[in-house]
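Participant: Chains A and B supply the protein sequences, listed in that same order. For the first sequence, the numbering used here assigns the number 9 to the initial residue and increments by one for each residue that follows. For the second sequence, the numbering used here assigns the number 9 to the initial residue and increments by one for each residue that follows.
Protein chains: 2
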Amino acid sequence: MSTPATPAVPRPRFDADLPERFARSAAAPEGVAGRTADVHGWLEERRRAHDFRVERIPFAELDGWSFDPHSGNLGHRSGKFFTVEGLRVTASTDGRDRQWHQPVIRQPEVGILGILVKDFDGVPHFLMQAKMEPGNRNLLQLSPTVQATRSNYTKAHRGAGVRHIEYFTDPGRGRVLADVLQSEHGSWFLRKSNRNMLVEAVGDVPEHEDFRWLTLGQIGELLRRDNLVNMDARTVLACAPFPDPDGLALHPDTELLSWFTAERSRHDVSAEPVPLADLPGWKRTGHSIDHEEGRYFGVVAVDVRASSREVPGWTQPLFEPTGTGVTAFLTRRIGGVPHLLVHARVEGGFAETVELGPTVQYTPSNYAHLPPGERPPFLDLVLGADPARVRYEALHSEEGGRFLNAESRYLFLDADEDQAPPDTPPGYRWATPGQLTALLRHNHYLNVQARTLLSCLTTGAVHL
Amino acid sequence: MSTPATPAVPRPRFDADLPERFARSAAAPEGVAGRTADVHGWLEERRRAHDFRVERIPFAELDGWSFDPHSGNLGHRSGKFFTVEGLRVTASTDGRDRQWHQPVIRQPEVGILGILVKDFDGVPHFLMQAKMEPGNRNLLQLSPTVQATRSNYTKAHRGAGVRHIEYFTDPGRGRVLADVLQSEHGSWFLRKSNRNMLVEAVGDVPEHEDFRWLTLGQIGELLRRDNLVNMDARTVLACAPFPDPDGLALHPDTELLSWFTAERSRHDVSAEPVPLADLPGWKRTGHSIDHEEGRYFGVVAVDVRASSREVPGWTQPLFEPTGTGVTAFLTRRIGGVPHLLVHARVEGGFAETVELGPTVQYTPSNYAHLPPGERPPFLDLVLGADPARVRYEALHSEEGGRFLNAESRYLFLDADEDQAPPDTPPGYRWATPGQLTALLRHNHYLNVQARTLLSCLTTGAVHL
Numbered sequence: 009m010s011t012p013a014t015p016a017v018p019r020p021r022f023d024a025d026l027p028e029r030f031a032r033s034a035a036a037p038e039g040v041a042g043r044t045a046d047v048h049g050w051l052e053e054r055r056r057a058h059d060f061r062v063e064r065i066p067f068a069e070l071d072g073w074s075f076d077p078h079s080g081n082l083g084h085r086s087g088k089f090f091t092v093e094g095l096r097v098t099a100s101t102d103g104r105d106r107q108w109h110q111p112v113i114r115q116p117e118v119g120i121l122g123i124l125v126k127d128f129d130g131v132p133h134f135l136m137q138a139k140m141e142p143g144n145r146n147l148l149q150l151s152p153t154v155q156a157t158r159s160n161y162t163k164a165h166r167g168a169g170v171r172h173i174e175y176f177t178d179p180g181r182g183r184v185l186a187d188v189l190q191s192e193h194g195s196w197f198l199r200k201s202n203r204n205m206l207v208e209a210v211g212d213v214p215e216h217e218d219f220r221w222l223t224l225g226q227i228g229e230l231l232r233r234d235n236l237v238n239m240d241a242r243t244v245l246a247c248a249p250f251p252d253p254d255g256l257a258l259h260p261d262t263e264l265l266s267w268f269t270a271e272r273s274r275h276d277v278s279a280e281p282v283p284l285a286d287l288p289g290w291k292r293t294g295h296s297i298d299h300e301e302g303r304y305f306g307v308v309a310v311d312v313r314a315s316s317r318e319v320p321g322w323t324q325p326l327f328e329p330t331g332t333g334v335t336a337f338l339t340r341r342i343g344g345v346p347h348l349l350v351h352a353r354v355e356g357g358f359a360e361t362v363e364l365g366p367t368v369q370y371t372p373s374n375y376a377h378l379p380p381g382e383r384p385p386f387l388d389l390v391l392g393a394d395p396a397r398v399r400y401e402a403l404h405s406e407e408g409g410r411f412l413n414a415e416s417r418y419l420f421l422d423a424d425e426d427q428a429p430p431d432t433p434p435g436y437r438w439a440t441p442g443q444l445t446a447l448l449r450h451n452h453y454l455n456v457q458a459r460t461l462l463s464c465l466t467t468g469a470v471h472l
Numbered sequence: 009m010s011t012p013a014t015p016a017v018p019r020p021r022f023d024a025d026l027p028e029r030f031a032r033s034a035a036a037p038e039g040v041a042g043r044t045a046d047v048h049g050w051l052e053e054r055r056r057a058h059d060f061r062v063e064r065i066p067f068a069e070l071d072g073w074s075f076d077p078h079s080g081n082l083g084h085r086s087g088k089f090f091t092v093e094g095l096r097v098t099a100s101t102d103g104r105d106r107q108w109h110q111p112v113i114r115q116p117e118v119g120i121l122g123i124l125v126k127d128f129d130g131v132p133h134f135l136m137q138a139k140m141e142p143g144n145r146n147l148l149q150l151s152p153t154v155q156a157t158r159s160n161y162t163k164a165h166r167g168a169g170v171r172h173i174e175y176f177t178d179p180g181r182g183r184v185l186a187d188v189l190q191s192e193h194g195s196w197f198l199r200k201s202n203r204n205m206l207v208e209a210v211g212d213v214p215e216h217e218d219f220r221w222l223t224l225g226q227i228g229e230l231l232r233r234d235n236l237v238n239m240d241a242r243t244v245l246a247c248a249p250f251p252d253p254d255g256l257a258l259h260p261d262t263e264l265l266s267w268f269t270a271e272r273s274r275h276d277v278s279a280e281p282v283p284l285a286d287l288p289g290w291k292r293t294g295h296s297i298d299h300e301e302g303r304y305f306g307v308v309a310v311d312v313r314a315s316s317r318e319v320p321g322w323t324q325p326l327f328e329p330t331g332t333g334v335t336a337f338l339t340r341r342i343g344g345v346p347h348l349l350v351h352a353r354v355e356g357g358f359a360e361t362v363e364l365g366p367t368v369q370y371t372p373s374n375y376a377h378l379p380p381g382e383r384p385p386f387l388d389l390v391l392g393a394d395p396a397r398v399r400y401e402a403l404h405s406e407e408g409g410r411f412l413n414a415e416s417r418y419l420f421l422d423a424d425e426d427q428a429p430p431d432t433p434p435g436y437r438w439a440t441p442g443q444l445t446a447l448l449r450h451n452h453y454l455n456v457q458a459r460t461l462l463s464c465l466t467t468g469a470v471h472l
């Protein structure tokens, strides 16, 4: 009987006040650490404090990483970190079959992405970290309190390692406000999930120059700038409980869930690891593995020097997309209630065939060769949008520990009834922000791109 | 724009009346089809009407099924139905590693298990079918309205096949009350899920002698008998919305979900298909594939003759467990509120490493060789239970289309504080029935054995 004594008193199943507390934080433009404008100065100062350089190198100069002589898979001699392998995806939808091959990152362990929460002057604040990642174009961005792989935090238990990890691994150090497994990029990772956690700290939290307490409103203000808030922070912030006092929707929850179940059922997806060597459609040189048509992404290698990491320097592979992505929710008020148009997407690396993504999530250059009739629905609508209808637009980076210069334009775009009627094409459905954030209490409903856009709502970066 | 026109009027997200309507049905001991006692006569009559024999045969007499000369996998020449393959499971928990090999059923397509619902005299009734399955000891049991593989219901679209399937595949024929993907047996199937659906019929439903409308209370009465209500019916009935007016629990929902997320994270499970030929620890004869120690289950073949199926006769493989299982929830009132002790179980075939099972779910003969200290927690408590503490006990069969004589004693057992204190061993947690049925709106939280026991609550077969 190893858990600490729990008083055997039943409590209410739901914390009814939490969404309102978080809404108060989203409405707070200043916080205990001062004005939002000061954050830029602090980030610049941390950037200077952490000497950090990233250089491309040929695969042959990777230290400890090599291609397996049989499979051609790229891995580290320790067996740790991750491997780059081949993947064969066979997807069948309503009798139509597709098959493709691609490199994929395999990293079976579950990491922790966690943000500490604490009230100051009655307003919840979130402990954000200034953290370097080699793949981000500007290297340093605002990150969660904790961003740790299993190897990191197991080491932490032995006394070294990740600052503040104890709040996320030791029950009793805080009160859990959200804790859910969410997928990472299904196009680049094979069945990779991380724990997304919000934990309210009990007692004082030690200060450190790399960390600042910010309100949701301050983070929302920073989310309106390009490349300031990193992907790991965005996905955790999306899981913040969100008020939905009216509880109205075009499709009641049971109907929305039934549509989602039907979408998961109508796609049969089989994703099998295959050798990276001689992967059909891909070619390897001394510097990269690329698609033969120059589309999608490549695998490259970098040398990293940083003073602020546990290890003074290292080399590693990264995935580098060939173009900038476009990731957008179409939005409409239906009967006065704001709705978002979600898309049930198949990505080869999802644990369960389909997750809900934004209306549009593509790298346009990958589709430029197609005639208009064969291009993805709503893509041209987003690319040609009237600026007056753009409610939100910013460039954000994907996970900078695995991806190099992986940037997307994230948008919320007002649509009218002609462009996006209530009756949607197969695979698309209108849902309210309240419905989507309720789904985020459970794993694998919303993909990481949808979660980035939802973090703009939970922080008040955009109002619908 | 292929879906029918939807009026663009937002509605309440939740149907607040539904749990009460279902509770009314659970409280109804008689229904439109008469007394529950009459159901036995009807089942006997259907049993006589359907001439049905099952005989064991050697593998060599299987028609259309054969062992692949290379992999030794057992499959059908059409590529349809399912295959029996080998599986290597590697599970690592808190640094302790286990590995085992076993045969497994692979059947990638998602089937539909659906029950039609309709009010008679203001009380919801459920359309149950008298259906033969070769693996059930008594062959015919009470089944859902529809129990169809994808191949079945795709054929149905061409005009043949499954009676009433249109209510579950054509939006507009009914109103969906529940629709969720749930796992099948993770110890015997590799990542197999079925859609569990409750659909309220719009308009008259044609009558048929194999079908009867029953109240939840009547089905609950039948669930107190051995081997009358089949597994597919039980799992769908578990998804019926369940009232929880007080909304109290020892662990609030966020805390319970956080524990579940931690359980999913602390187990790394890798399940890889391997050839069935020369599977370590298993041996194949002309009649069966068995574990070398005689434990767990075997793979056998049967010849089936039935007059009521689309095909007049067929042969097929079945899995046959070596003993009768024991599957039990320990229950306690904590602060006056009924709770069940759930167990976070690793089963090799789960899509996501861990699901919640009952407190005890074992075939005792598989553990008889172990000293008491190494036997599963709570097993001896259940096996030695004072009959006065048994709140519910019945023998039920698992899916009779894949398993032969696979029976378990299902129990609810009152525990006292000494036997099962509020502070639980790692991997166990107290949860209320309201919490568990709320989780059943989402996929892959509760395993099929837990769902059988929950169907006893939603139908009123047992009151806590």
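Quick reminder that beta carbons are idealized off the backbone N, C-alpha and C, glycines included. All values reported here derive from a predicted model rather than from experimental measurement.
Is the CB of A/LYS443 under 8 Å away from at least one CB in chain B?
Facilitator: Numbered from its first residue, the first sequence carries residue 443 of chain A at position 435. Lys is not the amino acid found at residue 443 of chain A; the sequence shown has Gln there. Chain B contact via Cβ: present.
Participant: Just how far apart, CA to CA, sit A/GLY294 and A/ALA68?
Facilitator: On the first sequence, position 286 is the one that residue 294 of chain A refers to. On the first sequence, position 60 is the one that residue 68 of chain A refers to. So the two alpha carbons sit approximately 7 Å from each other.
Participant: Cβ of B/ARG242 within 8 Å of Cβ of B/THR460?
Facilitator: Residue 242 of chain B sits at position 234 when you count from the first residue of the second sequence. Residue 460 of chain B sits at position 452 when you count from the first residue of the second sequence. Against a cut-off of 8 Å, the Cβ pair of B/THR460 and B/ARG242 comes out as a contact.
Participant: Please report the distance separating the alpha-carbon of B/ARG54 from that of B/ILE120.
Facilitator: Position 46 of the second sequence, counted from the first residue, corresponds to residue 54 of chain B. Position 112 of the second sequence, counted from the first residue, corresponds to residue 120 of chain B. Going by the C-alpha atoms only, they are around 23 Å apart.
Participant: Ends of the beta strand (DSSP E) at B/ILE227?
Facilitator: Counted from its first residue, the second sequence places residue 227 of chain B at position 219. Note, B/ILE227: premise wrong, no beta strand (DSSP E); alpha helix (DSSP H) at 224–231.
Participant: Check whether chain A comes within 8 Å of B/VAL356, counting only Cβ atoms and requiring the distance to be less than that.
Facilitator: For the purposes of this step, residue 356 of chain B is taken as residue 348 along the second sequence, with counting starting at 1. Per the sequence shown, the amino acid found at residue 356 of chain B is Gly instead of Val. By this cut-off, B/GLY356 is not an interface position.
Participant: Taking the alpha carbon of B/ASP59 as the reference point, which residue from B/MET140, B/GLY94, B/ALA45 and B/PHE128 has its own alpha carbon closest?
Facilitator: Indexing the second sequence from 1 puts residue 59 of chain B at position 51. Of B/MET140, B/GLY94, B/ALA45 and B/PHE128, the residue nearest in Cα terms is B/MET140.
Participant: Could you tell me the distance, in whole angstroms, from the CA atom of B/PHE22 to the CA atom of A/THR262?
Facilitator: For the purposes of this step, residue 22 of chain B is taken as residue 14 along the second sequence, with counting starting at 1. For the purposes of this step, residue 262 of chain A is taken as residue 254 along the first sequence, with counting starting at 1. Near 8 Å, if we compare the C-alpha coordinates of A/THR262 and B/PHE22.
Participant: Could you have a look at A/SER10 and say whether DSSP puts it in helix, strand or coil?
Facilitator: The count along the first sequence starts at 1 and reaches residue 10 of chain A at position 2. Confidence at A/SER10 is low in this model, with a pLDDT of 43, below 50, so its placement is unreliable and no value can be given for it.
Participant: CA-CA distance, B/LEU230 and B/GLY357?
Facilitator: Translated into the one-based positions of the second sequence, residue 230 of chain B becomes position 222. Translated into the one-based positions of the second sequence, residue 357 of chain B becomes position 349. Cα-Cα distance, rounded: 31 Å.
Participant: Report the three-state DSSP secondary structure of B/ASP25 (helix, strand or coil).
Facilitator: Here residue 25 of chain B is taken as the residue at index 17 of the second sequence, counted from 1. B/ASP25 falls in the coil class under three-state DSSP.
Participant: Please check the pair B/THR339 and B/LEU472, which I expect to be a contact at CB under 8 Å, by giving their CB distance rounded to whole angstroms.
Facilitator: Reading the second sequence from its first residue, position 331 is the one you call residue 339 of chain B. Reading the second sequence from its first residue, position 464 is the one you call residue 472 of chain B. Indeed they touch by this definition, with Cβ atoms about 6 Å apart.
Participant: Ignoring anything shorter than 3 residues or poking outside the region 125–193 of chain A, list the beta strand (DSSP E) runs there in chain order.
Facilitator: Qualifying beta strand (DSSP E) stretches, in chain order: 131–140, 148–151, 154–156 and 182–191.
Participant: Assign A/VAL308 to one of three DSSP states: helix, strand, or coil.
Facilitator: Stepping through the first sequence from its first residue, residue 308 of chain A is reached at position 300. In the structure shown, A/VAL308 sits in a strand (DSSP, three-state: E or B).
Participant: Could you round the C-beta distance between A/VAL345 and A/TYR370 to whole angstroms and report it? I think they count as a contact, below 8 Å.
Facilitator: Reading the first sequence from its first residue, position 337 is the one you call residue 345 of chain A. Reading the first sequence from its first residue, position 362 is the one you call residue 370 of chain A. Incorrect: roughly 28 Å between the Cβ atoms, too far for contact.
Participant: What are the start and end residues of the alpha helix (DSSP H) that includes A/THR460?
Facilitator: As a first step, residue 460 of chain A must be located in the first sequence, where it is residue number 452. Note, A/THR460: alpha helix (DSSP H), 456–466.
Participant: Give me the residue from B/ARG417, B/GLY49, B/SER273 and B/GLU28 with the minimum Cα distance to B/PRO366.
Facilitator: The residue given as residue 366 of chain B occupies position 358 in the second sequence. Minimum Cα distance to B/PRO366 is reached at B/ARG417.
Participant: Which residues in the same chain have their Cβ closer than 6 Å to the Cβ of A/GLN110, if we skip the five residues on either side of it in sequence?
Facilitator: Position 102 of the first sequence holds residue 110 of chain A. Excluding residues within five positions, the ones whose Cβ falls inside 6 Å are LEU95.
Participant: Can you have a look at B/LYS291 and say buried or exposed, based on whether 16 or more other CB atoms are within 10 angstroms of its CB?
Facilitator: On the second sequence, position 283 is the one that residue 291 of chain B refers to. Exposed.
Participant: Taking the continuous beta strand (DSSP E) assigned at A/TRP322, which residues delimit it?
Facilitator: The sequence position of residue 322 of chain A within the first sequence is 314, counting from 1. 321–329 is the extent of the beta strand (DSSP E) around A/TRP322.
Participant: Using a Cβ cut-off of 9 Å, pull out every chain A residue sitting near B/GLY255, in sequence order please.
Facilitator: As a working mapping, residue 255 of chain B is identified with position 247 in the second sequence. PRO20, ARG21 and PHE22, listed in chain order.
Participant: I need the DSSP call for A/ASN202, collapsed to helix, strand or coil.
Facilitator: Here residue 202 of chain A corresponds to residue number 194 of the first sequence, with the count starting at 1. Correct three-state label for A/ASN202: strand.
Participant: Using C-beta distances below 6 Å, list every residue in its chain close to B/TRP267, excluding the 5 sequence neighbours before and after it, in chain order.
Facilitator: On the second sequence, residue 267 of chain B is found 259 positions in, with the first residue counted as 1. Excluding positions up to five away in sequence, the list reads ARG437.
Participant: Taking CB distances under 8 Å as the criterion, tell me whether A/HIS3 reaches chain B.
Facilitator: There is no way to answer for residue 3 of chain A, as the model of chain A reaches only from 9 to 472.
Participant: Alpha carbon to alpha carbon, what distance is there between B/THR330 and B/VAL308?
Facilitator: By 1-based counting over the second sequence, the position of residue 308 of chain B is 300. By 1-based counting over the second sequence, the position of residue 330 of chain B is 322. If you take the alpha carbons of B/VAL308 and B/THR330, they lie about 12 Å apart.
Participant: What are the start and end residues of the beta strand (DSSP E) that includes B/GLY356?
Facilitator: Start at 1 with the first residue of the second sequence, and residue 356 of chain B comes out as number 348. Careful: B/GLY356 lies outside any beta strand (DSSP E) and carries neither H nor E.
Participant: Can you tell me the Cβ-Cβ gap for A/VAL118 and A/ARG158, rounded? I've got them flagged as a contact below 8 Å.
Facilitator: Counted from its first residue, the first sequence places residue 118 of chain A at position 110. Counted from its first residue, the first sequence places residue 158 of chain A at position 150. With 8 Å as the limit, A/VAL118 and A/ARG158 qualify as a contact, their Cβ atoms being about 6 Å apart.
Participant: Where A/GLN155 and A/ASN235 are concerned, what is the direct C-alpha to C-alpha distance, given to the nearest angstrom?
Facilitator: In the first sequence, counting from the first residue as 1, residue 155 of chain A sits at position 147. In the first sequence, counting from the first residue as 1, residue 235 of chain A sits at position 227. Cα to Cα, A/GLN155 sits roughly 18 Å from A/ASN235.
Participant: If you measure beta-carbon to beta-carbon, which residues of the region 247–273 of chain B are closer than 7 Å to chain A?
Facilitator: The region 247–273 of chain B vs chain A, Cβ under 7 Å: GLY255, LEU256, ALA257, LEU258, PRO260, ASP261, THR262, GLU263, LEU265, SER266, THR269, ARG272 and SER273.
Participant: Starting from A/GLN107 and walking both ways along the beta strand (DSSP E), at which residues does that stretch end?
Facilitator: Locating residue 107 of chain A in the first sequence gives position 99, counting from the first residue. Where A/GLN107 is concerned, the enclosing beta strand (DSSP E) stretches over 104–114.
Participant: For A/TRP290, does the three-state DSSP call read helix, strand or coil?
Facilitator: Locating residue 290 of chain A in the first sequence gives position 282, where the first residue counts as 1. If DSSP states are grouped into helix, strand and coil, A/TRP290 belongs with the strands.
Participant: Taking 8 Å as the threshold (C-beta atoms), are A/GLY435 and A/LEU224 in contact?
Facilitator: Here the question's residue 224 of chain A lines up with position 216 in the first sequence. Here the question's residue 435 of chain A lines up with position 427 in the first sequence. No. Outside cutoff.
Participant: Specify the secondary structure class of B/THR361 as computed by DSSP and reduced to three states.
Facilitator: Your numbering for residue 361 of chain B matches position 353 in the second sequence. Of the three classes helix, strand and coil, the one that applies to B/THR361 here is coil, per DSSP.
Participant: List the whole-angstrom C-beta distance separating B/PRO18 from A/LEU256, where the pair is believed to meet the contact cut-off of C-beta under 8 Å.
Facilitator: As a position in the second sequence, residue 18 of chain B is number 10, starting the count at 1. As a position in the first sequence, residue 256 of chain A is number 248, starting the count at 1. At roughly 4 Å, the Cβ-Cβ gap stays under 8 Å, so B/PRO18 and A/LEU256 are in contact.
Participant: Establish whether the CB of B/ASP240 and some CB of chain A are separated by less than 8 Å.
Facilitator: For the purposes of this step, residue 240 of chain B is taken as residue 232 along the second sequence, with counting starting at 1. So no, B/ASP240 is outside the interface.
Participant: Determine the DSSP secondary structure at B/ALA209, reduced to helix, strand or coil.
Facilitator: Residue mapping note: residue 209 of chain B aligns to position 201 of the second sequence, counting from 1. Correct three-state label for B/ALA209: strand.
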